[in-house]
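Numbering (the numbering used here), first residue to last: 2 to 86. Backbone N, C-alpha and C fix where the C-beta goes; we use that ideal spot for every residue, glycine too. Just so you know, these numbers come straight off a predicted model, no measurement behind them. Heads up, the thing below is written out as structure tokens.
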Amino acid sequence: MLITGDKKKDKKLWQDVKWSREHSQELHDNYERMWVAIYDQQVVASDKKPRMVEKIALEKTGVSRKELYIIYVEDSKALYRQAEF
2 MLITGDKKKD KKLWQDVKWS REHSQELHDN YERMWVAIYD QQVVASDKKP
52 RMVEKIALEK TGVSRKELYI IYVEDSKALY RQAEF
């Protein structure tokens, strides 16, 4: 993940990382096998194509790319299969 170099923006970004972990079930329920952009502790864009997510999120938020937390939400079945090993 890119870090902005600005303490205030970095703190906000880490809050988004934490939020994504706390809401992982919700993300899996709604965005499985999709890319999502998280900003200000909410999903601001989602799509199967990461470039589209980035484009939509940048347009919606008006912030720099470094301030967005973009992740791929894995297929929960695939995660479960990995956990079995």
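| query | result |
| --- | --- |
| SER34 and ASP7 closer than 8 Å at C-beta | For the sequence presented, residue 34 should be read as Arg rather than Ser. Their beta carbons are not under 8 Å apart, which means ARG34 does not touch ASP7 by this criterion. |
| Reduced DSSP category for ASP30 - H, G, I as helix; E, B as strand; rest coil | helix |
| Opening and closing residue of the beta strand (DSSP E) in which VAL18 lies | Not the beta strand (DSSP E): VAL18 falls in the alpha helix (DSSP H), residues 8–23. |
| Range of the contiguous alpha helix (DSSP H) that encloses VAL64 | Looking at the DSSP string, VAL64 is not in any alpha helix (DSSP H), and its letter there is neither H nor E. |
| Residues near GLU68 by beta carbon distance below 8 Å, same chain, minus five either side | THR5, LYS10, LYS13, LEU14, TYR40 and THR62 |
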